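If you want this note's numbering, it's the 1-based position in the sequence shown plus 153.
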Amino acid sequence: MSEEKSLLRWGGLAGMLAGIVFILVPITLFGFVPPAPADPAGLVMRFPDVRAAIAVGNGLDFVVNIFRVALILALYRALGGTSLAPALFGSVLFVLGLGVLFVESSTQVAFDSISNLYHAPGATPVEQATLALVWQATQGMFNQFDTAAILLLSAGIIVLGVAMFRAPAFGKGFGGLSVVLGAATVVAISFFGVTSILSALLVLPIFVILPILLGWKVYSLSRPPRSLAAWQQPMRIKRAVEVA
Numbered sequence: 154m155s156e157e158k159s160l161l162r163w164g165g166l167a168g169m170l171a172g173i174v175f176i177l178v179p180i181t182l183f184g185f186v187p188p189a190p191a192d193p194a195g196l197v198m199r200f201p202d203v204r205a206a207i208a209v210g211n212g213l214d215f216v217v218n219i220f221r222v223a224l225i226l227a228l229y230r231a232l233g234g235t236s237l238a239p240a241l242f243g244s245v246l247f248v249l250g251l252g253v254l255f256v257e258s259s260t261q262v263a264f265d266s267i268s269n270l271y272h273a274p275g276a277t278p279v280e281q282a283t284l285a286l287v288w289q290a291t292q293g294m295f296n297q298f299d300t301a302a303i304l305l306l307s308a309g310i311i312v313l314g315v316a317m318f319r320a321p322a323f324g325k326g327f328g329g330l331s332v333v334l335g336a337a338t339v340v341a342i343s344f345f346g347v348t349s350i351l352s353a354l355l356v357l358p359i360f361v362i363l364p365i366l367l368g369w370k371v372y373s374l375s376r377p378p379r380s381l382a383a384w385q386q387p388m389r390i391k392r393a394v395e396v397a
């Protein structure tokens, strides 16, 4: 029992930290990286100047994904007792999505070689134009990874939300919120793509708000419930003082 409480406690704390630390990722990537130029060649040319900020943002994202793994393990433990099948299936879908995100947490490595070739002293204009197209194709591949990761995460959240309906500790509130946010994200990504502002606004809650709420709920399950007698004791003392 103590090990289970420990899993819920640390998984809950990790979930809350995942939501909080993730806020730093867009702050780093959008606050310290200027808007992308329209010309693909401009992306390659400016990469040495923004590489450090991209590496820091990716590093934060890597840490956030580790926190999410701890949260999903604790969430599976909390839901498995009442809804084993959806809890297991939803957790697997979520972990698959995290696996894709882990691959994307080092994009600067993929772009390093292209940038080095582009800025090499002997690079010709034709070679640089070709490398700019290679850069664009590589970015398209990462956009594809983003799409797959978000769809897997959203599907996992929907299935886990279904599992929450049968868990008294979560109920229709957490279950309904998870299903709605997951479904809204799937629709946004499917119709508008990962590069649209609308998709970013709808994805943000499942990366920030939901981990904090679920983390807090899982963490609260690790704390011993307060007995009725313990709750009534302060009331009895208060009444005794009033009578005196």
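Positions of the beta carbon are idealized from the N, C-alpha and C atoms, including for glycine.
None of the values given here were measured: they were computed from a predicted structure.
According to the Cβ coordinates, are T348 and N296 closer than 8 Å?
Taking 8 Å as the Cβ cut-off, T348 and N296 qualify as a contacting pair.
So, helix, strand or coil for P187, using DSSP?
If DSSP states are grouped into helix, strand and coil, P187 belongs with coil.
Between R204 and D214, what straight-line distance do the alpha-carbon atoms span, to the nearest angstrom?
Going from the Cα of R204 to the Cα of D214 covers about 15 Å.
Indicate the three-state DSSP secondary structure (helix, strand or coil) for I350 in the structure shown.
Of the three classes helix, strand and coil, the one that applies to I350 here is helix, per DSSP.
Helix, strand or coil: which one does DSSP assign to G234?
Coil.
So which of W369, A276 and F360 has the shortest CA-CA distance to S307?
The option with the nearest alpha carbon to S307 is F360.
So, at 8 Å on beta carbons, what are the nonlocal neighbours of A322 in its own chain, with the 5 sequence-adjacent residues on each side left out?
So the list reads A231, K370 and L374, once near-sequence residues are dropped.
Under a Cβ-count criterion, where at least 16 other Cβ atoms within 10 Å of its own Cβ denotes burial, should L351 be classed as buried or exposed?
Per the 10 Å Cβ criterion, exposed.
Within 10 Å of its beta-carbon, does G164 have 16 or more other beta-carbons around it, so buried, or fewer, so exposed?
The residue in question, G164, is buried, as its Cβ has 16 or more Cβ neighbours within 10 Å.
Using CA coordinates, which residue listed in P239, E257, A276 and F264 is at the minimum distance from T300?
Checked all of P239, E257, A276 and F264; the closest Cα to T300 is E257.
Using DSSP with H/G/I as helix, E/B as strand and the rest coil, what is P364?
Note: P364 maps to helix in three-state DSSP.
So, at 7 Å on beta carbons, what are the nonlocal neighbours of A316 in its own chain, with the 5 sequence-adjacent residues on each side left out?
Contacts found: L232, S236, P239, A240 and G243.
Just to confirm, are Q292 and A208 a CB contact at a threshold of 8 Å?
Not closer than 8 Å, so no.
Thinking C-alpha only, which one of G346, L367 and F345 is nearest L330?
Ranking the options by Cα distance to L330, first place goes to L367.
Taking 7 Å as the limit between beta carbons, can you name the residues of its chain near F175, skipping five residues before and five after?
Correct list, in chain order: V217, F360 and V361.
Roughly how many angstroms separate the alpha carbons of W288 and P274, rounded to a whole number?
Taking the straight line from one Cα to the other gives about 19 Å.
Compute the Euclidean distance between the alpha carbons of P358 and A189, then round it to the nearest angstrom.
So the alpha carbons of these two residues sit roughly 25 Å apart.
May I have the straight-line CA-CA distance separating V186 from F200, to the nearest angstrom?
So the alpha carbons of these two residues sit roughly 10 Å apart.
When the Cα atoms are used, what is the spatial distance from M169 to E156?
Going by the C-alpha atoms only, they are around 20 Å apart.
Using a Cβ-Cβ cut-off of 7 Å (strictly less than) and excluding sequence neighbours within five positions of A223, which residues of its own chain qualify?
Hits under 7 Å: W163, G164 and A167.
Give me the Cα-Cα distance between A263 and N269, rounded to the nearest whole angstrom.
Spanning the two alpha carbons is a distance of roughly 11 Å.
Using the C-alpha atoms, what's the distance from A276 back to L226?
Distance between the alpha carbons of L226 and A276: 49 Å.
Which of the three DSSP states, helix, strand or coil, is assigned to I267?
Note: I267 maps to helix in three-state DSSP.
Could you work out which residue in G314, P364 and F298 is closest to I173 when comparing CA atoms only?
For I173, the nearest C-alpha among the options comes from P364.
Alpha carbon to alpha carbon, how far is Y229 from L251? Give it in angstroms, no decimals.
Approximately 15 Å between the Cα atoms of the pair.
Helix, strand or coil for S380? Go by DSSP, reduced to three states.
For S380, the pLDDT reaches just 44, beneath the cut-off of 50, and the residue's location in the model is therefore unreliable, although a value from the coordinates is still provided. Coil.
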